[in-house]
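Novice: In our numbering, the protein residues as written are 167 to 698.
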């Protein structure tokens with residue numbers, strides 16, 4: 167969710183077939199990687215012992231009258247669908263800093279983008295665990311087709327079925343228009359509805375790809391994790407997923423209804439007919455300008471995303487989880503040690519500016535605590551690094567521990583911190599765990615990552631193997647310890663007061679309540695829906 171927060175704007179915040187809903191198809195199936203679903207035959211491609219199916223529609227194209235509407239079912243196809251298209255990207259401007267696009271387009275303007283990818287050892291009936299990945303990108307950027315999200319290694323090492331999915335971004339998926347036309351009430355959560363539609367598709371069809379629909383683990387990173395957190399506050403989340411892994415995201419930045427109304431009111435166009443008549447690129451520009459015009463927008467970095475609408479997302483994520491709303495869902499959650507440093511890494515003065523701008527984000531409700539908090543964070547740190555650590559704790563780490571504490575009352579819950587840093591980087595920054603979790607070791611947007619790989623590939627590969635093993639073990643059983651195929655330490659469940667946390671680095675191990683004195687400084691502050 168934090169992706170593409172520019173330093174200068176950070177002061178106020180964290181930062182014809184289409185017409186009928188049927189996909190185009192080919193009459194040339196691929197032997198060995200073809201499967202029959204209730205929608206029709208699907209042919210994938212074989213690579214590295216894995217069958218990859220790229221570009222399967224899970225909903226009707228959200229175009230024409232379906233623009234700004236909830237996702238609709240895709241229609242069956244009659245010829246074999248050749249699933250080898252890895253260029254589906256939902257409308258957005260290219261973000262060179264953070265994303266790993268499949269091609270070189272500068273503007274992505276195809277609204278027919280509700281597709282998913284599947285990697286499987288074989289499309290048989292083996293009932294493998296299923297891992298569904300939801301990408302990040304501030305609800306404005308990114309795509310399931312980024313090469314760093316390739317599921318080949320995860321599927322191979324874990325004998326699992328891996329799925330990645332697109333969802334509508336920016337104004338197309340996250341703008342509430344119910345105040346313009348009551349029939350569009352709830353449109354501000356259409357991106358979330360897209361994700362739910364994809365998970366429903368997985369439940370209905372993944373058995374045809376060798377997966378077990380009763381063993382679905384959804385993994386979200388950044389915005390993907392915020393969205394999954396919001397799902398934990400919907401009714402009966404266990405009907406969608408069995409398990410959830412949240413990487414660098416939690417419920418604290420799920421928007422309040424008031425914040426969503428603020429965004430909707432900022433739109434200069436107050437006519438559905440006019441909005442529907444605008445081109446895709448005009449809407450991208452309109453959404454960017456509307457969000458950037460508001461105080462605290464940081465260029466719109468935090469003004470798109472799921473919100474508490476009272477109907478789909480029923481209330482504060484952490485409060486509902488604490489009350490047992492997600493008692494049927496296993497949870498693994500974690501953050502990276504230096505998350506916020508990501509946003510200052512490519513500017514020589516970036517970290518200094520970022521630290522200075524933190525004052526604009528610190529909660530005014532805690533003003534009386536600020537001197538004591540600063541003194542604790544300053545121990546062993548410079549003033550700049552103390553501010554950045556506080557920034558990370560406020561935005562990601564401490565809310566994650568709150569959510570873990572809430573869920574641990576009901577289910578075994580596992581917490582991690584990733585703290586390996588490239589020798590020539592600026593820390594264990596936002597997104598740095600992704601190359602390890604997917605096993606791609608593709609360090610997109612990570613300063614010093616590629617250089618570290620050149621000199622230490624064997625050690626980094628070993629760390630990746632350990633993390634893939636833990637993630638897939640959790641996906642299979644709900645316990646990261648249950649299926650250890652590589653040497654790695656035991657990972658106890660998170661419980662108060664010990665708060666045992668797995669520390670992922672070149673020598674992984676556990677720590678009890680890491681930096682607990684700093685965590686405790688936030689006690690009593692409610693990390694509820696985002697409302698700034």
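Heads up, the beta-carbon is just placed ideally off N, CA and C, and yes, glycines get one too.
Assess contact between the segment 377-397 and the segment 540-551, defined as three or more Cβ pairs (one per stretch) separated by less than 8 Å. Is contact present?
Specialist: The answer is no - the segment 540-551 does not touch the segment 377-397, with fewer than three Cβ pairs under 8 Å.
Novice: Pull up the distance between the alpha-carbon of residue 586 and that of residue 205, whole angstroms please.
Specialist: Spanning the two alpha carbons is a distance of roughly 44 Å.
Novice: Which of the three DSSP states, helix, strand or coil, is assigned to residue 576?
Specialist: DSSP places residue 576 in coil when its eight states are reduced to three.
Novice: Return the residue from the list 391, 414, 223 that minimises the CA-CA distance to residue 563.
Specialist: Here the closest residue by C-alpha is 414.
Novice: Just grab the DSSP bridge partners of residue 237 for me.
Specialist: Per DSSP, none; premise fails for residue 237.
Novice: Which one or two residues does DSSP pair with residue 384 in a beta bridge?
Specialist: Bridge partners of residue 384: 298, 410.
Novice: How far does the beta strand (DSSP E) with residue 500 in it reach, from first residue to last?
Specialist: Counting along the chain, the beta strand (DSSP E) containing residue 500 begins and ends at 496-502.
Novice: According to the Cβ coordinates, are residue 318 and residue 285 closer than 9 Å?
Specialist: Yes, these two residues count as a Cβ contact at 9 Å.
Novice: Residue 441: which of 515, 341, 372, 485 sits nearest, CA to CA?
Specialist: When each option's Cα is compared against that of residue 441, the closest is 341.
Novice: In the DSSP assignment, find the beta strand (DSSP E) that holds residue 327 and state where it starts and stops.
Specialist: Per DSSP, residue 327 belongs to the beta strand (DSSP E) from 327-331.
Novice: Classify residue 397 as helix, strand or coil using the three-state DSSP reduction.
Specialist: The answer is helix: DSSP assigns residue 397 an H, G or I state.
Novice: Assuming residue 251 contacts residue 221 under a Cβ cut-off of 8 Å, what Cβ separation, rounded to an integer in Å, is found between them?
Specialist: Yes, they are in contact, since the Cβ atoms of residue 251 and residue 221 sit about 3 Å apart, within 8 Å.
Novice: Over the uninterrupted beta strand (DSSP E) stretch that includes residue 284, give me the two end residues.
Specialist: From DSSP, the beta strand (DSSP E) with residue 284 extends over 281-286.
Novice: Determine whether the beta carbon atoms of residue 393 and residue 300 lie at a separation below 9 Å.
Specialist: In contact: residue 393 and residue 300 (Cβ atoms closer than 9 Å).
Novice: Check whether the segment 554-573 touches the segment 639-659, counting contact only when three or more Cβ pairs, one atom from each stretch, lie closer than 8 Å.
Specialist: Short answer: they don't touch.
Novice: Can you have a look at residue 512 and say buried or exposed, based on whether 16 or more other CB atoms are within 10 angstroms of its CB?
Specialist: Per the 10 Å Cβ criterion, exposed.
Novice: For residue 473, list the residues DSSP reports as bridge partners.
Specialist: For residue 473, which the question treats as bridged, DSSP gives the partners 421.
Novice: Between the Cα of residue 593 and the Cα atoms of 353, 618, 630, 694, which residue gives the shortest distance?
Specialist: Comparing Cα-Cα distances from residue 593 to each of 353, 618, 630, 694, the minimum goes to 618.
Novice: Among 627, 599, 521, which has the Cα closest to the Cα of residue 547?
Specialist: Measuring from the Cα of residue 547, the nearest candidate turns out to be 521.
Novice: Check whether the segment 336-355 touches the segment 430-447, counting contact only when three or more Cβ pairs, one atom from each stretch, lie closer than 8 Å.
Specialist: In short, these stretches touch, since the Cβ pair count reaches three.
Novice: Whole angstroms are fine: how far does the CA of residue 477 sit from the CA of residue 305?
Specialist: Cα to Cα, the separation comes out at about 21 Å.
Novice: Here's the rule I'm using: 16 or more other beta-carbon atoms within 10 Å means buried, otherwise exposed. How should residue 424 be labelled?
Specialist: Exposed: under 16 other Cβ atoms inside 10 Å.
Novice: Could you tell me the distance, in whole angstroms, from the CA atom of residue 426 to the CA atom of residue 333?
Specialist: Each residue's Cα considered, the two are about 19 Å apart.
Novice: Please return the same chain residues whose Cβ sits closer than 7 Å to the Cβ of residue 690, not counting the five positions on each side in sequence.
Specialist: Taken in chain order, the list of residues that qualify is empty.
Novice: Quick one: grab the DSSP three-state call for residue 633.
Specialist: Reduced to three states, the DSSP call for residue 633 is helix.
Novice: By DSSP, does residue 218 sit in helix, in strand, or in coil?
Specialist: Three-state result, residue 218: strand.
Novice: By DSSP, does residue 693 sit in helix, in strand, or in coil?
Specialist: Of the three classes helix, strand and coil, the one that applies to residue 693 here is coil, per DSSP.
Novice: Which class does residue 273 belong to by DSSP, given the choice of helix, strand or coil?
Specialist: Strand, per DSSP.
Novice: Using a 10 Å radius around the Cβ and a threshold of 16 neighbouring Cβ atoms, would you call residue 324 buried or exposed?
Specialist: By the 10 Å Cβ count, residue 324 comes out buried.
Novice: Does the distance from the CB of residue 384 to the CB of residue 407 come in under 9 Å?
Specialist: It is a contact, given that the beta carbons lie within the stated cut-off.
Novice: Hey, residue 572 and residue 636 are a contact pair by Cβ (cut 8 Å); roughly how many whole angstroms apart?
Specialist: At roughly 22 Å, the Cβ-Cβ gap does not stay under 8 Å, so residue 572 and residue 636 are not in contact.
Novice: Report all residues from its chain with a CB closer than 7 Å to the CB of residue 350; omit the five preceding and five following residues, and keep chain order.
Specialist: Excluding sequence neighbours, residue 350 sits near 234, 343, 344, 438.
Novice: Out of curiosity, what's the CA-to-CA distance linking residue 554 and residue 372?
Specialist: Those two C-alpha atoms are separated by around 42 Å.
Novice: Between which two residues does the alpha helix (DSSP H) containing residue 456 stretch?
Specialist: First-last of the alpha helix (DSSP H) with residue 456: 446-458.
Novice: Which residues share a DSSP beta bridge with residue 200?
Specialist: Bridge partners of residue 200: 209.
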